[in-house]
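Residues 0 to 425 in numbering that gives the first Met the number 0 are what the sequence shown spells out, letter by letter. For glycine and all other residues, C-beta sits at the position ideal for the given N, C-alpha and C. Beneath this line is the structure, given in structure tokens, with notes to follow.
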Amino acid sequence: MMAQLQQGGPDEKEKTTALKDLLSRIDLDELMKKDEPPLEFPDTLEGFEYIFNEKGQLRHIKTGEPFVFNYREDLHRWNQKRYEALGEIITKYVYELLQTECHLKKVTLPVDATESEPKSFIFMSEDALTNPDKLLVLIHGNGVVRAGQWARRLIINEDLDSGTQIPYIKKAIEEGYGVIVLNPNENYIEVEKTKAQVQLSSDSSDEPAEKRERKDKIQKETKKRRDFYEKYRNPQKEKETMQMYIRDNGSPEEHAIYVWDHFISQSAAENVFFVAHSYGGLAFVELMIQREAEVKNKVTAVALTDSVHNVWHQEVGKSIREWMRENCCNWVSSSEPLDTSVESMLPDCPRVSAGAVVPPSAPSLAHSPLWFPALERCTGTERHELTSWKSFPSIFKFFSEAVEARNSAVKPTPMRRSNRIKYEEL
0 MMAQLQQGGP
10 DEKEKTTALK
20 DLLSRIDLDE
30 LMKKDEPPLE
40 FPDTLEGFEY
50 IFNEKGQLRH
60 IKTGEPFVFN
70 YREDLHRWNQ
80 KRYEALGEII
90 TKYVYELLQT
100 ECHLKKVTLP
110 VDATESEPKS
120 FIFMSEDALT
130 NPDKLLVLIH
140 GNGVVRAGQW
150 ARRLIINEDL
160 DSGTQIPYIK
170 KAIEEGYGVI
180 VLNPNENYIE
190 VEKTKAQVQL
200 SSDSSDEPAE
210 KRERKDKIQK
220 ETKKRRDFYE
230 KYRNPQKEKE
240 TMQMYIRDNG
250 SPEEHAIYVW
260 DHFISQSAAE
270 NVFFVAHSYG
280 GLAFVELMIQ
290 REAEVKNKVT
300 AVALTDSVHN
310 VWHQEVGKSI
320 REWMRENCCN
330 WVSSSEPLDT
340 SVESMLPDCP
350 RVSAGAVVPP
360 SAPSLAHSPL
370 WFPALERCTG
380 TERHELTSWK
390 SFPSIFKFFS
400 EAVEARNSAV
410 KPTPMRRSNR
420 IKYEEL
């Protein structure tokens, strides 16, 4: 039939195009599946029939088995939505642990927020702003994680110790630190769009009426066609939402600067320390760029864990790069033993192994002629999220040495580095 249509005139060619479009949109596998169950899930761990055991591992209440992603065969989207629903429950569960087990208080942002505007929050210890000695600031990476988490996947599949910041918080409090836990991914709230808002967004154009009318007609036809296939592809059609950003906290970078201005810079601590994972490292570097003098004056040491910052892309000045070389250390994914030096072509801070968190068979790119920093991180991507947990003991040792060095007016050397590249000579 396609061949016959292609031999015809313009009308037939138009039909051919429409037929191709039709065939490209139909997913036969989806059509053959049974109807997708409603996207309605429990709102408690008990409702999911899971609980955290005494080791902090998520286990099924009846079978004692770990979490199973493929709860329903051949319904990947439904399984993914179920996983996300469980993730939201775990986020709230971790918030509760921060308050009940770690005795942190929840502080609303912005500090002068009105009752009606979108809000975020952070957690801090009672002495965070008054502790005269030490303050620890924790920043997680990008994605679905929220305050108190390093990686949702670790919490669900491994345990609370490796996936949350709770071990850091408890250790810090035990050693006399004040603590502030940032929440850099809580940048907006989602609200359902009303029909009036949808209509307003489509009518807000300054285009001539005739052109807009023609455009609307095309959009309606496209929507009608899309909705026809959507009932097969997406049986549980989700509501249309809009994002309302939180004032001065609309991105991880903005959030870090806001918390610095309103809390960290106001703290009494003589020594401020940061632990920043993945994108949190980029947020810290951006904070340094924006508040260089303040950070240098107040921060004693920074522990990065597989940070994705880039001193070239972020246009980091020479004075900041020099400060980072002396006061920062980046624990990265590596098959080498913990604290083994890992060379880098970037002129920023020393890099050391977070421990054997990648399979021994993973290729080493460090000495390859085609090596690039981005590729270097790829050797550890499988266990990237574990770097904060694996480097945990070394980081607190690094902080202690930094305090001793500062008290003796000698800058700390984060780790011994054999064959260290002299960046200035490069």
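Residue i, buried or exposed, once every other Cβ within 10 Å from all chains shown has been counted against 16
| i | result |
| --- | --- |
| residue 371 | Legend: pLDDT at residue 371 = 30, less than 50; position of this residue unreliable, value from coordinates given subsequently. With fewer than 16 other Cβ atoms within 10 Å, it is exposed. |
| residue 94 | buried |
| residue 149 | buried |
| residue 254 | buried |
| residue 407 | exposed |
| residue 13 | exposed |
| residue 125 | exposed |
| residue 499 | It is not possible to answer for residue 499, since the shown part of the chain is limited to 0 through 425. |
| residue 212 | exposed |
| residue 437 | No information on residue 437 is available, as it lies outside the stretch 0 to 425 that the chain covers here. |
| residue 63 | exposed |
| residue 391 | buried |
Residue i - DSSP class collapsed to helix/strand/coil
| i | result |
| --- | --- |
| residue 123 | strand |
| residue 330 | strand |
| residue 107 | strand |
| residue 340 | strand |
| residue 112 | coil |
| residue 189 | strand |
| residue 141 | coil |
| residue 276 | strand |
| residue 257 | helix |
| residue 313 | coil |
| residue 419 | Per-residue confidence for residue 419 stands at a pLDDT of 35, beneath the threshold of 50, marking its modelled position as unreliable; no derived number is given. |
| residue 307 | coil |
| residue 38 | coil |
| residue 301 | strand |
Integer-rounded CB distance, given that residue j should sit under 8 Å from residue i
| i | j | result |
| --- | --- | --- |
| residue 266 | residue 135 | The pair is not a contact, with the Cβ atoms about 11 Å apart (cut-off 8 Å). |
| residue 402 | residue 270 | 6 Å |
Extent of the continuous alpha helix (DSSP H) run through residue i
| i | result |
| --- | --- |
| residue 171 | 165-173 |
| residue 90 | 75-99 |
| residue 296 | 291-297 |
Range of the contiguous beta strand (DSSP E) that encloses residue i
| i | result |
| --- | --- |
| residue 427 | The structure shown has nothing for residue 427, since the chain only spans 0 to 425. |
| residue 58 | 57-59 |
| residue 180 | 176-180 |
| residue 50 | 49-51 |
Any chain B beta carbon closer than 8 Å to residue i
| i | result |
| --- | --- |
| residue 397 | Absence of chain B from the displayed structure is noted, only one protein chain being present. |
Under 8 Å, with one C-beta from each stretch per pair, do the region 110-125 and the region 153-166 reach the 3-pair mark? no
Count Cβ pairs between the region 308-320 and the region 333-340 that sit closer than 8 Å; are there 3 or more? no
Contact between the region 141-148 and the region 62-82 is defined here as three or more beta-carbon pairs at a separation below 8 Å; is this criterion met? no
I want to know whether the region 238-248 touches the region 167-177 - three or more CB-CB distances under 8 Å. no
The region 76-87 / the region 173-186 touching (three or more Cβ pairs under 8 Å): no
Inter-stretch contact at 8 Å, needing at least 3 Cβ pairs: the region 317-329 / the region 274-293: yes
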